């Protein structure tokens with residue numbers, strides 16, 4: 001009888017006989033082989049008996065399924081084939097069954113390693129994936145180039161280097177760092193909520209240094225004027241001709257990374273000066289419009305408790321921010337390390353890991369990454385479930401929410417999920433990426449009503465409950481339809 005021998009992972013040393021014609025592998029508890037591994041999808045791959053041999057099919061997993069160091073969609077297994085799924089590795093033994101056809105004669109499609117930049121043991125630089133057929137009425141997506149995929153493949157090492165350099169200055173706050181980087185390469189802006197003294201400014205400044213970006217900080221105050229941000233025209237006299245002319249003096253907004261410190265301390269007129277820059281990446285002064293340098297990222301901070309003399313951001317302006325990132329107190333051991341390090345000699349300065357041109361390239365790559373229909377369907381289900389007027393919204397949403405998220409939330413969820421995949425060296429977006437981005441994207445777009453306030457429910461409580469209520473697509477969404485399987489068979 002055919003069997004698999006597990007050589008690496010949670011079940012190392014175990015042998016499983018293949019019977020019953022099918023074995024589903026994944027994280028879900030209904031899988032025949034359940035793996036506790038964050039790199040493994042809920043329903044990752046399936047072993048099935050087909051045409052007298054055992055075949056292995058990838059179920060549209062996040063990180064792909066590898067056979068002999070190549071990513072596959074479906075392949076007939078041969079004696080001693082080595083299969084890698086996340087951190088689990090097993091060897092296939094055919095148990096005396098007829099040998100599967102050689103790779104050149106196989107009647108199923110094998111996806112070369114170059115189709116994806118995530119093959120666990122991959123060493124060679126990947127080549128571009130073939131473009132998916134365009135749907136009617138949609139513009140054809142730009143395919144990723146070999147250079148794009150090589151850059152993505154190197155991102156895991158780059159992220160480790162970024163974390164190392166940032167940790168020279170900032171201790172802990174890993175989630176904050178990850179979310180800021182996701183927001184940057186997705187081309188969005190972030191609102192940072194945290195108490196004073198939690199190193200918000202220092203974190204942003206350090207990230208700007210590591211990414212070789214021009215950094216500026218504006219302290220927002222009640223008397224700050226729009227021209228203090230954008231710049232103004234000044235009258236100058238030419239030393240040679242003695243003629244007078246106006247010359248534009250650039251404001252601090254002309255940078256790559258702008259920290260808008262305590263943005264709610266300035267009146268709406270000054271707050272609005274950021275809107276055009278955030279959305280259009282340009283500044284209009286008088287009759288002239290000035291383009292901002294790429295990349296351009298705004299990170300605004302707010303103090304969550306001190307609200308006297310503040311001007312809360314209106315909902316329309318809040319919606320311009322892709323992420324709402326919460327900075328919490330450090331853990332006990334982190335706080336001990338912070339105090340010990342900062343009361344001694346100066347720390348080693350962080351070095352540059354990636355320049356701004358690489359960041360621009362990554363922003364372009366994020367836009368090229370395809371997203372499957374079932375992932376977009378999950379995004380739509382999440383966003384529409386936040387709206388109390390929607391007939392299919394859960395009852396607790398109708399009870400506790402006054403205003404739900406708009407279409408921009410769905411756009412940001414998909415972009416953030418793509419950015420997360422890129423930062424992990426993947427070009428495949430999963431529902432798990434969407435769930436990881438849901439809190440910072442939805443937290444400031446779900447507005448609670450009096451009933452929620454009276455029970456002490458905050459927007460993050462609503463989002464957590466929503467993630468538990470709205471289920472990910474089931475196994476049927478990952479299984480290709482019968483006609484698609486037929487197309488994969490070579491004649």
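Numbering (this note's numbering), first residue to last: 1 to 491. For each residue, glycine too, the CB sits at the ideal point set by N, CA and C. This one's a predicted model, so the numbers in the text were calculated from it and none came from an experiment.
N- and C-terminal bounds of the beta strand (DSSP E) containing residue i
{"i": "residue 323", "result": "323–327"}
{"i": "residue 453", "result": "Premise fails: residue 453 lies in the alpha helix (DSSP H), 450–454, not in any beta strand (DSSP E)."}
{"i": "residue 55", "result": "53–58"}
{"i": "residue 207", "result": "Per DSSP, residue 207 belongs to no beta strand (DSSP E); it is in the alpha helix (DSSP H), 200–210."}
{"i": "residue 300", "result": "297–302"}
Boundaries of the alpha helix (DSSP H) in which residue i is found, first to last residue
{"i": "residue 156", "result": "155–166"}
{"i": "residue 396", "result": "395–400"}
{"i": "residue 375", "result": "373–385"}
{"i": "residue 340", "result": "332–342"}
{"i": "residue 278", "result": "273–280"}
{"i": "residue 6", "result": "Premise fails: residue 6 lies in the beta strand (DSSP E), 3–8, not in any alpha helix (DSSP H)."}
{"i": "residue 316", "result": "315–318"}
{"i": "residue 76", "result": "Counting along the chain, residue 76 falls outside any alpha helix (DSSP H), though it belongs to the beta strand (DSSP E) covering 74–76."}
{"i": "residue 463", "result": "459–469"}
Beta-carbon spacing of residue i, residue j below 9 Å
{"i": "residue 424", "j": "residue 42", "result": "no"}
{"i": "residue 23", "j": "residue 47", "result": "yes"}
{"i": "residue 466", "j": "residue 442", "result": "yes"}
{"i": "residue 179", "j": "residue 440", "result": "yes"}
{"i": "residue 199", "j": "residue 170", "result": "yes"}
{"i": "residue 434", "j": "residue 457", "result": "no"}
{"i": "residue 438", "j": "residue 429", "result": "no"}
{"i": "residue 213", "j": "residue 356", "result": "yes"}
{"i": "residue 326", "j": "residue 263", "result": "no"}
{"i": "residue 176", "j": "residue 201", "result": "no"}
{"i": "residue 303", "j": "residue 444", "result": "no"}
{"i": "residue 161", "j": "residue 283", "result": "no"}
{"i": "residue 25", "j": "residue 18", "result": "no"}
{"i": "residue 340", "j": "residue 321", "result": "no"}
{"i": "residue 168", "j": "residue 350", "result": "yes"}
{"i": "residue 410", "j": "residue 390", "result": "no"}
Inter-residue CB distance, residue i and residue j (contact presumed, cutoff 8 Å)
{"i": "residue 385", "j": "residue 463", "result": "So it is not a contact: roughly 10 Å between Cβ atoms."}
{"i": "residue 207", "j": "residue 166", "result": "7 Å"}
{"i": "residue 211", "j": "residue 359", "result": "6 Å"}
{"i": "residue 55", "j": "residue 73", "result": "The Cβ separation is near 11 Å, so there is no contact."}
{"i": "residue 45", "j": "residue 61", "result": "7 Å"}
{"i": "residue 92", "j": "residue 77", "result": "4 Å"}
{"i": "residue 10", "j": "residue 65", "result": "Between residue 65 and residue 10 the Cβ distance is about 17 Å, and since that is not below 8 Å, they are no contact."}
{"i": "residue 494", "j": "residue 268", "result": "Lying outside 1 to 491, the shown extent of the chain, residue 494 is not represented and no answer is given."}
{"i": "residue 419", "j": "residue 366", "result": "5 Å"}
{"i": "residue 94", "j": "residue 2", "result": "5 Å"}
{"i": "residue 234", "j": "residue 246", "result": "7 Å"}
{"i": "residue 185", "j": "residue 422", "result": "6 Å"}
{"i": "residue 387", "j": "residue 319", "result": "Not confirmed; about 14 Å, so no contact."}
{"i": "residue 313", "j": "residue 266", "result": "The Cβ separation is near 10 Å, so there is no contact."}
Opposing strand residues paired with residue i [DSSP bridges]
{"i": "residue 84", "result": "66, 89"}
{"i": "residue 431", "result": "Answer by DSSP bridge pairing: none, since residue 431 is not bridged."}
{"i": "residue 426", "result": "Beta-bridge pairing links residue 426 to no other residue."}
{"i": "residue 368", "result": "In the DSSP output, where bridge partners are listed per residue, residue 368 has none listed."}
{"i": "residue 243", "result": "Per DSSP, none; premise fails for residue 243."}
{"i": "residue 194", "result": "327"}
{"i": "residue 231", "result": "250"}
{"i": "residue 50", "result": "53"}
{"i": "residue 179", "result": "DSSP output for residue 179 lists no bridge partner at all."}
{"i": "residue 26", "result": "34"}
{"i": "residue 218", "result": "260"}
{"i": "residue 291", "result": "282"}
{"i": "residue 15", "result": "5"}
{"i": "residue 170", "result": "BP columns for residue 170 are empty, so no partner."}
{"i": "residue 492", "result": "No answer is possible for residue 492: the residues shown for the chain start at 1 and end at 491."}
{"i": "residue 45", "result": "25, 58"}
{"i": "residue 71", "result": "66"}
{"i": "residue 236", "result": "245"}
Segment contact, 8 Å Cβ cut-off, at least three pairs: the stretch 188–195 with the stretch 334–350: no
Three or more C-beta pairs below 8 Å linking the stretch 243–257 and the stretch 289–299: yes
Inter-stretch contact at 8 Å, needing at least 3 Cβ pairs: the stretch 259–276 / the stretch 224–234: yes
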